[in-house]
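Chemist: Chains as they are written, first to last, in my numbering: chain U, 1 to 366; chain S, 1001 to 1366.
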């Protein structure tokens, strides 16, 4: 029985088109979620590879730490967090000295000696000036020909083109990754001419100042205050005709260090001579560092000092950010320039000028 | 013709009660204005008395600077501003040394020597610890019996019970008032055991480190870094049996200072011996300071250094206030304590912890 209107109704089972079931999740949230998951996976992957001792993963991790991309920063934070439980088991040594003192040759000889005794050595550098001077330190890896080929060594040039605070933070974070990767001796190199030494002192256990023999003038290039930081002064190039002068320099430095007040570590700074080229006196340097770590580990200073350093970095990072927020407020920027001039001309007291600017800032904020 | 309704209208000249003429000025504003005028008059009065050399007014001014009362702070700001054009004409000398080195005796002898040649000497002190130690420096004025009675000397003990930053700021401001009062030689005393020396270095032209003869141990009490600040090291108590040891100490210090890098002033730090009690070697100290001021005034370093110091105090005051606003935010306070613990236990990296706190702060503000 064909009904003329059948086509009209088709089937009794016909379903009317209802409203579409709404998506339970926002599609863009899904994309974000997937990205985050991918990032998390990639961070997890890098962490597990770093922990297994993979130097390629270590380099990837440090590259993410150095990146200015906010996405990479999220990822690198996850990597650092993942590496943290595996870090902290090492001796961190700061090495400084003016250009020409033979830092690269020394680090090459010192590093080779350490790897030959089964140690794993990572070499990092802090050099905020490298973007200007085209990387005077570690930039030219060929100066450490042997060490760079060594399976148990890892050399990473300084992150450049950034503020000292930025470079220092990145180096500090890179140390965590290197330690998680199994490196038990971390060497942090600086050129002893800037403020970077204070930053380095806040991330190492032991501070080594490399010097040359001379008539006292050799310190002219070294910034004030660095001498006092040294746990060990090594007079390099104590070879050939230089030996006598090197020994005289050793006596002079010993006398000078003796006049300094005692260190909170309880350690008495030492002076030694060496020749990085002839590879003499190098093992003595390591013996002294071992003596130092033994002394300070027994006295618990070693651990306490590291805790203080962690706190220092937390507070330092906070202070840096709070102040940079202030100084980068556009209205403040121009006001500060005007006030500086007025203060220099004694038109207003430094304190009244400061109060004026502070009032401006806090009124804007509230 | 009596109209029955007359009483109703009384007179055609009746004035309706209008609105009261408003006061042209708010009565409470008048009170405020009168108070401000009084303050201004009182500030002006103190300024003009200070400029005329009135030591009582000087003390009143410094007391207002030291006061924590906000009303007094407004007044003291006006006083400083009024004194500013008359300030800046002096030599500012920082004197430091550990307790027991004979600072008071030295300052007494040195101050008397200066006033005897017609100089006007003001002695201020920075001692943030004085509230705890009951004022170890200048607190006991009787130790400067002669100088305290001298018409051309002014001695003011340290403002106490405050942070180092606060005490330093107050001393820095007091210098302005002393100079406006005609004092041409300002001595700023500190105990060489804290961080106050950095603050002092930022307010003086010349830094004198007082020491004792000994075997090198005499520096044990002096904080690291102070040696490097010294423009002159004076070995005190070079008398009687001590003379030989004092001369040996002089040689040692000379050798040590020689190893330090050159100063930005171009000045080579010197070492001398003296006996404050026997009053020998004291005039030599002044000769050296004169030599220094001549050298640095000719090279324009003196003036440039003071300008830099003014800038330093402006920026330092700003930084201190910006950071203290942050650290005194109640929610931040408790979070920082928690984060410090987590960072110490290596549960979180110092940088991640800092980022968390910063996020909290800036979210609250915006």
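For glycine and all other residues, C-beta sits at the position ideal for the given N, C-alpha and C.
Give the interface partners of residue 1358 of chain S over in chain U, defined as CB-CB distance under 9 Å, in chain order.
Modeler: As a first step, residue 1358 of chain S is located in the second chain; it is residue number 358 there, counting from the start. Simply 317, 318, 321, 322, 325.
Chemist: Can you give the Cα-Cα distance for residue 1270 of chain S and residue 153 of chain U, rounded to whole angstroms?
Modeler: Taking the first residue of the second chain as position 1, residue 1270 of chain S is located at position 270. Taking the first residue of the first chain as position 1, residue 153 of chain U is located at position 153. In a straight line, the C-alpha of residue 1270 of chain S is about 47 Å away from that of residue 153 of chain U.
Chemist: If residue 276 of chain U sits next to residue 249 of chain U, beta carbons under 8 Å apart, how far is it from one beta carbon to the other, in whole angstroms?
Modeler: For the purposes of this step, residue 276 of chain U is taken as the residue at position 276 of the first chain. For the purposes of this step, residue 249 of chain U is taken as the residue at position 249 of the first chain. Between the beta-carbon of residue 276 of chain U and that of residue 249 of chain U there is about 16 Å, and that puts the pair past the 8 Å contact cut.
Chemist: Using beta carbons (cut-off 7 Å, strictly below), is residue 1352 of chain S in contact with chain U?
Modeler: Translated into positions along the second chain, residue 1352 of chain S becomes position 352. Yes, because at least one Cβ of chain U sits closer than 7 Å to the Cβ of residue 1352 of chain S.
Chemist: Secondary structure at residue 1265 of chain S, three-state DSSP: helix, strand or coil?
Modeler: Position 265 of the second chain, counted from the first residue, corresponds to residue 1265 of chain S. Residue 1265 of chain S: coil per DSSP, three-state reduction.
Chemist: Look up residue 1348 of chain S in the DSSP assignment and say whether it is helix, strand or coil.
Modeler: Taking the first residue of the second chain as position 1, residue 1348 of chain S is located at position 348. If DSSP states are grouped into helix, strand and coil, residue 1348 of chain S belongs with coil.
Chemist: Per DSSP, residue 1154 of chain S forms a beta bridge with which residues?
Modeler: Numbered from its first residue, the second chain carries residue 1154 of chain S at position 154. DSSP, once it has assigned bridges, lists S:1122 as partnering residue 1154 of chain S.
Chemist: Whose CA, out of U:201, U:363, U:56, U:273, lies closest to the CA of residue 106 of chain U?
Modeler: Here residue 106 of chain U refers to the residue found at position 106 when the first chain is read from its first residue. Ranking U:201, U:363, U:56, U:273 by Cα distance to residue 106 of chain U puts U:273 first.
Chemist: Using C-beta distances below 6 Å, list every residue in its chain close to residue 199 of chain U, excluding the 5 sequence neighbours before and after it, in chain order.
Modeler: If you number the first chain from 1, residue 199 of chain U lands on position 199. Excluding sequence neighbours, residue 199 of chain U sits near 168.
Chemist: Within 10 angstroms of its Cβ, does residue 134 of chain U collect 16 or more other Cβ (buried), or is it exposed?
Modeler: On the first chain, position 134 is the one that residue 134 of chain U refers to. Only weak support is given to the placement of residue 134 of chain U: the predicted model assigns it a pLDDT of 39, under 50, and the question is left unresolved by the model.
Chemist: Between residue 56 of chain U and chain S, is the shortest Cβ-Cβ distance under 7 Å, so that the two count as touching?
Modeler: For the purposes of this step, residue 56 of chain U is taken as the residue at position 56 of the first chain. Taking Cβ atoms only, chain S never reaches closer than 7 Å to residue 56 of chain U, which makes this a no.
Chemist: So, at 8 Å on beta carbons, what are the nonlocal neighbours of residue 1108 of chain S in its own chain, with the 5 sequence-adjacent residues on each side left out?
Modeler: Taking the second chain and counting its residues from 1, the one referred to as residue 1108 of chain S is at position 108. For residue 1108 of chain S, where only same-chain residues beyond five positions count, the Cβ hits under 8 Å are 1143, 1144, 1145, 1146, 1147, 1276.
Chemist: Under 6 Å Cβ to Cβ from residue 74 of chain U, same chain only, skipping five residues before and after it: list those, please.
Modeler: Walking along the first chain from the start, residue 74 of chain U turns up at place 74. Closer than 6 Å at Cβ, skipping near neighbours: no residue.
Chemist: Name the residues in the stretch 326–342 of chain U whose C-beta lies less than 7 Å from a C-beta of chain S; which are they?
Modeler: 326, 339, 340
Chemist: I'd like the ranges of any beta strand (DSSP E) spanning at least 3 consecutive residues and lying wholly in the stretch 233–312 of chain U.
Modeler: 270–273
Chemist: What is the DSSP secondary structure of residue 93 of chain U, reduced to helix, strand or coil?
Modeler: Numbered from its first residue, the first chain carries residue 93 of chain U at position 93. Note: residue 93 of chain U maps to strand in three-state DSSP.
Chemist: So, for residue 309 of chain U: in the same chain, excluding its five sequence neighbours on each side, which residues have a beta-carbon less than 6 Å away from its beta-carbon?
Modeler: In the first chain, counting from the first residue as 1, residue 309 of chain U sits at position 309. 202, listed in sequence order.
Chemist: Pull up the distance between the alpha-carbon of residue 34 of chain U and that of residue 338 of chain U, whole angstroms please.
Modeler: As a first step, residue 34 of chain U must be located in the first chain, where it is residue number 34. As a first step, residue 338 of chain U must be located in the first chain, where it is residue number 338. Looking at the two C-alpha atoms, the distance is approximately 50 Å.
Chemist: Note down, in chain order, all residues in the stretch 1238–1255 of chain S with a beta-carbon under 8 Å from any beta-carbon belonging to chain U.
Modeler: 1252, 1253, 1255
Chemist: When the cut-off is 7 Å and only beta carbons count, does residue 1090 of chain S lie next to chain U?
Modeler: Stepping through the second chain from its first residue, residue 1090 of chain S is reached at position 90. By this cut-off, residue 1090 of chain S is not an interface position.
Chemist: Can you tell me which of the three DSSP states residue 19 of chain U falls into?
Modeler: Residue numbering aside, residue 19 of chain U sits at position 19 when the first chain is read from its first letter. In this structure, residue 19 of chain U counts as coil in the three-state DSSP scheme.
Chemist: Are the C-beta atoms of residue 84 of chain U and some chain S residue less than 7 Å apart?
Modeler: Within the first chain, residue 84 of chain U is the residue found at index 84, counting from 1. Chain S, which has a Cβ nearer than 7 Å to the Cβ of residue 84 of chain U, makes this yes.
Chemist: Please report the distance separating the alpha-carbon of residue 1369 of chain S from that of residue 207 of chain U.
Modeler: The displayed coordinates of chain S run from 1001 to 1366. Any statement about residue 1369 of chain S would go beyond what the structure contains.
Chemist: Hey, is residue 311 of chain U's beta-carbon within less than 7 Å of any beta-carbon in chain S?
Modeler: Position 311 of the first chain, counting from 1, holds the residue named residue 311 of chain U. At least one chain S Cβ lies under 7 Å of residue 311 of chain U.
Chemist: Within the 7 Å Cβ cut-off, does residue 1306 of chain S reach chain U?
Modeler: Along the second chain, read from residue 1 onward, the residue named residue 1306 of chain S stands at position 306. Output row for residue 1306 of chain S: interface = no.
Chemist: Rounding to the nearest angstrom, what Cα-Cα distance links residue 1089 of chain S and residue 1184 of chain S in this structure?
Modeler: The sequence position of residue 1089 of chain S within the second chain is 89, counting from 1. The sequence position of residue 1184 of chain S within the second chain is 184, counting from 1. Cα-Cα distance, rounded: 6 Å.
Chemist: To the nearest angstrom, report how far apart residue 110 of chain U and residue 1358 of chain S are at their CA atoms.
Modeler: Within the first chain, residue 110 of chain U is the residue found at index 110, counting from 1. Within the second chain, residue 1358 of chain S is the residue found at index 358, counting from 1. In a straight line, the C-alpha of residue 110 of chain U is about 41 Å away from that of residue 1358 of chain S.
Chemist: What residues from chain S crowd round residue 197 of chain U, counting only those whose CB sits closer than 9 Å?
Modeler: Locating residue 197 of chain U in the first chain gives position 197, where the first residue counts as 1. By Cβ distance, chain S contributes nothing, its closest Cβ being about 13 Å from residue 197 of chain U, past 9 Å.
Chemist: Is DSSP giving residue 210 of chain U helix, strand or coil here?
Modeler: Against the first chain, residue 210 of chain U aligns to sequence position 210. Here residue 210 of chain U sits in strand by DSSP.
Chemist: Among S:1125, S:1264, S:1288, whose alpha-carbon lies nearest the alpha-carbon of residue 1300 of chain S?
Modeler: If you number the second chain from 1, residue 1300 of chain S lands on position 300. If we check each option's Cα against that of residue 1300 of chain S, S:1264 comes out closest.
Chemist: With distances taken between CB atoms, is the gap from residue 1062 of chain S to residue 1189 of chain S smaller than 7 Å?
Modeler: One-based indexing of the second chain puts residue 1062 of chain S at position 62. One-based indexing of the second chain puts residue 1189 of chain S at position 189. Result no, Cβ atoms of residue 1062 of chain S and residue 1189 of chain S do not sit closer than 7 Å.
Chemist: For residue 141 of chain U and residue 32 of chain U, what's the separation of their Cα atoms in angstroms?
Modeler: Walking along the first chain from the start, residue 141 of chain U turns up at place 141. Walking along the first chain from the start, residue 32 of chain U turns up at place 32. Residue confidence for residue 141 of chain U is low, a pLDDT of 49 falling below 50, so the modelled location carries little weight and cannot support an answer.
Chemist: Please return the same chain residues whose Cβ sits closer than 6 Å to the Cβ of residue 1029 of chain S, not counting the five positions on each side in sequence.
Modeler: As a first step, residue 1029 of chain S must be located in the second chain, where it is residue number 29. Scanning its chain for C-beta atoms nearer than 6 Å, with the 5 sequence neighbours on each side dropped, one finds no residue around residue 1029 of chain S.
Chemist: Residue 1179 of chain S touches chain U at which residues, Cβ-Cβ below 9 Å?
Modeler: Position 179 of the second chain holds residue 1179 of chain S. Per Cβ cutoff of 9 Å: no residues; residue 1179 of chain S is ~11 Å from chain U at best.
Chemist: Should residue 1060 of chain S be labelled buried (16 or more other beta-carbon atoms within 10 Å of its own) or exposed?
Modeler: For the purposes of this step, residue 1060 of chain S is taken as residue 60 along the second chain, with counting starting at 1. Residue 1060 of chain S comes out buried.
Chemist: Take every Cβ of the stretch 1237–1253 of chain S, pair it with every Cβ of the stretch 233–252 of chain U, and state whether three or more of those distances are shorter than 8 Å.
Modeler: In the pairwise beta carbon analysis, the stretch 1237–1253 of chain S is classified as not touching the stretch 233–252 of chain U: fewer than three pairs are separated by under 8 Å.
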